[in-house]
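Here is the structure we will look at.
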Amino acid sequence: MKKQLISVNDLSREDIEKIFALSTDVKKNPEKFQNALQGKMFGLIFEKPSTRTWVSFQAGIFSLGGNSIYLGPDDIKLGVREEVKDVARVLNRYLSGVVMRTFYHKTITEFGMYFRQPMINGLSDYQHPCQALADFFTIRERFGEDAKPIVTFVGDGNNVLNSLILLAAKLGGIFRYVTPEKHPPAKKVHEQAMKLAQETGAVIESSHDPVNGVRDADVVYTDVWVSMGQEEERAKKIKDFDGMQVNSELLKKAKKDVAVMHCLPAHRGEEITDEVMEGQNSIVFDQAENRLHVQKAILLHLCSAS
Ligand code: CP
Ligand code: NVA
Numbered sequence: 186m187k188k189q190l191i192s193v194n195d196l197s198r199e200d201i202e203k204i205f206a207l208s209t210d211v212k213k214n215p216e217k218f219q220n221a222l223q224g225k226m227f228g229l230i231f232e233k234p235s236t237r238t239w240v241s242f243q244a245g246i247f248s249l250g251g252n253s254i255y256l257g258p259d260d261i262k263l264g265v266r267e268e269v270k271d272v273a274r275v276l277n278r279y280l281s282g283v284v285m286r287t288f289y290h291k292t293i294t295e296f297g298m299y300f301r302q303p304m305i306n307g308l309s310d311y312q313h314p315c316q317a318l319a320d321f322f323t324i325r326e327r328f329g330e331d332a333k334p335i336v337t338f339v340g341d342g343n344n345v346l347n348s349l350i351l352l353a354a355k356l357g358g359i360f361r362y363v364t365p366e367k368h369p370p371a372k373k374v375h376e377q378a379m380k381l382a383q384e385t386g387a388v389i390e391s392s393h394d395p396v397n398g399v400r401d402a403d404v405v406y407t408d409v410w411v412s413m414g415q416e417e418e419r420a421k422k423i424k425d426f427d428g429m430q431v432n433s434e435l436l437k438k439a440k441k442d443v444a445v446m447h448c449l450p451a452h453r454g455e456e457i458t459d460e461v462m463e464g465q466n467s468i469v470f471d472q473a474e475n476r477l478h479v480q481k482a483i484l485l486h487l488c489s490a491s
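Remember, the numbering used here sits 185 above the position in the sequence shown when you count from 1.
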């Protein structure tokens with residue numbers, strides 16, 4: 186595979202299976218990999234806040250024997266203090282790889298044109314590939330490799346949904362997404378997914394009706410309605426999501442033992458109720474834990490690519 190994971194589109198089916206197999210191994214036998222990244226130094230370039238992505242990458246790199254430097258919004262000031270392409274060419278000479286979280290996807294793709302080491306998108310406005318990989322790993326762990334659970338996303342057509350749709354299409358799963366008419370996922374993503382589905386047998390369905398969308402679902406997944414960087418649109422956006430909350434009433438339409446997922450952070454009382462977050466169907470913290478194992482596997486996989 187390429188040394189870069191910028192979008193789910195960078196992953197072949199073979200890459201995904203290798204990452205899942207490595208994730209299982211790393212999770213079961215962390216000590217086996219404790220020197221795998223020895224002598225390697227990674228940059229964690231974050232333009233936005235983060236708990237899971239930052240901490241799990243930093244802890245993960247350390248547990249693989251490597252080291253990392255966190256570069257926050259006020260440090261290198263990517264594209265402000267100097268051009269993205271200049272930063273990329275300098276860091277190329279200091280680091281063994283980078284994880285990047287940026288406002289604009291374009292920043293990551295531009296960086297990637299000049300950076301020659303392994304590089305991972307830790308969230309942009311368009312994609313969150315590490316999240317989607319950890320999520321489908323979690324789903325597979327729960328339902329088994331050969332099962333075809335019905336996975337329904339209810340919420341905003343954002344970075345997380347874009348990545349989930351593409352990964353579901355690549356894996357040949359049954360994936361429904363329900364968004365308000367005004368907030369669909371990227372058109373390009375939907376088109377790519379429909380094309381992929383013809384090859385993989387995936388069933389990708391979209392609607393604006395949460396009740397029908399979650400009918401008989403094995404997994405109901407949601408994410409915030411207001412993503413990082415959209416704070417000014419908050420009041421306007423919230424109104425558009427009337428009826429889209431994942432609450433106990435909505436879950437009655439899904440399978441009885443439905444698993445509830447959320448990439449976190451959650452805005453309790455908006456896209457999901459407190460009751461559902463804390464309820465027995467919620468697997469959000471198992472899902473969050475898997476970010477660590479899957480990211481270690483992504484690092485190992487990218488660092489072994491020539
Ligand atoms: N889910 C996720 O990426 O969380 P953070 O924003 O805390 O990294
Ligand atoms: N859609 C959210 C995901 C956070 C992990 C955001 O971009 O803020």
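Think of the CB as a built atom: it goes at the ideal place given N, C-alpha and C, for glycine as much as any other residue.
Quick check on residue i: buried or exposed, where buried means 16 or more other Cβ atoms within 10 Å of its Cβ?
i, result
"HIS452", "exposed"
"TYR279", "exposed"
"LYS422", "buried"
"ASP320", "buried"
"VAL265", "exposed"
"GLN219", "exposed"
"ARG286", "buried"
"GLY245", "buried"
"ALA206", "exposed"
Measure the beta-carbon distance from residue i to residue j and round it to whole angstroms, keeping in mind my assumption that it falls under 8 Å.
i, j, result
"ALA382", "ALA402", "At roughly 18 Å, the Cβ-Cβ gap does not stay under 8 Å, so ALA382 and ALA402 are not in contact."
"CYS488", "LEU318", "Not confirmed; about 16 Å, so no contact."
"PRO492", "LEU190", "Outside the shown range of the chain (186 to 491) lies residue 492, about which nothing can therefore be said."
"ALA444", "ARG327", "6 Å"
"GLY398", "VAL363", "4 Å"
"VAL283", "LEU276", "7 Å"
"LYS438", "VAL404", "With a Cβ gap of about 13 Å, LYS438 and VAL404 do not count as contacting."
"PHE300", "ALA273", "4 Å"
"GLN377", "ASN344", "Rounded, the Cβ-Cβ distance is 15 Å, inconsistent with contact."
"ASP200", "HIS486", "7 Å"
From this set, the options, which residue's C-alpha is nearest residue i's C-alpha?
i, options, result
"LEU229", "PHE242, VAL469, ALA439, ARG237", "PHE242"
"GLY183", "LYS421, LEU207, HIS447", "Lying before the first or after the last residue shown, residue 183 is absent from the chain, which here runs from 186 to 491."
"ILE359", "PRO369, ARG325, PHE426, THR236", "ARG325"
"GLY297", "LYS187, ILE468, GLU416", "LYS187"
"ALA387", "ALA420, LEU352, ARG419", "LEU352"
"GLY224", "SER235, GLY251, ILE201, GLU199", "GLY251"
"LEU346", "LYS291, GLU390, LYS217, GLN219", "GLU390"
"GLN394", "ASP210, THR294, PHE338", "It should be noted that the sequence gives Asp, not Gln, for residue 394. Minimum Cα distance to ASP394 is reached at PHE338."
"GLY307", "ARG237, PHE205, GLY342", "ARG237"
"ALA371", "LEU349, LYS333, GLY342", "GLY342"
"SER348", "LYS380, ILE335, ASP310, ALA332", "ASP310"
"LEU263", "GLU295, SER281, LEU249, VAL240", "GLU295"
"ASP427", "LYS481, GLU456, GLU232, GLN312", "GLU456"
"LYS213", "ALA490, LYS481, HIS486", "LYS481"
Between residue i and chain C, is any beta-carbon pair separated by less than 7 Å?
i, result
"ASN432", "No chain C is part of this structure, which consists of one protein chain only."
Leaving out the 5 sequence neighbours to the left and right, which residues in its chain are closer than 7 Å to residue i when beta-carbon positions are compared?
i, result
"ASP471", "THR323"
Suppose the cutoff is 6 Å on Cβ atoms and the five residues either side in sequence are ignored; what does the same chain contact list for residue i look like?
i, result
"VAL479", "SER208, LEU318, ALA319, PHE322"
"VAL336", "PHE360, VAL404"
For residue i, collect the residues of the same chain with a Cβ closer than 8 Å to its Cβ; drop the 5 residues on either side in sequence, then sort them by chain order.
i, result
"ARG198", "LYS355, LEU356, THR385"
Segment contact, 8 Å Cβ cut-off, at least three pairs: the stretch 399 to 413 with the stretch 435 to 453:
For the pair of segments examined, the stretch 399 to 413 was found to touch the stretch 435 to 453: the number of CB pairs separated by less than 8 Å reaches three.
Any chance the stretch 256 to 264 sits against the stretch 225 to 240, with 3 or more Cβ pairs inside 8 Å?
Touching, yes, given that three or more Cβ pairs across the two stretches are closer than 8 Å.
Check whether the stretch 424 to 441 touches the stretch 459 to 471, taking contact to mean three or more Cβ pairs, one atom from each stretch, closer than 8 Å.
yes
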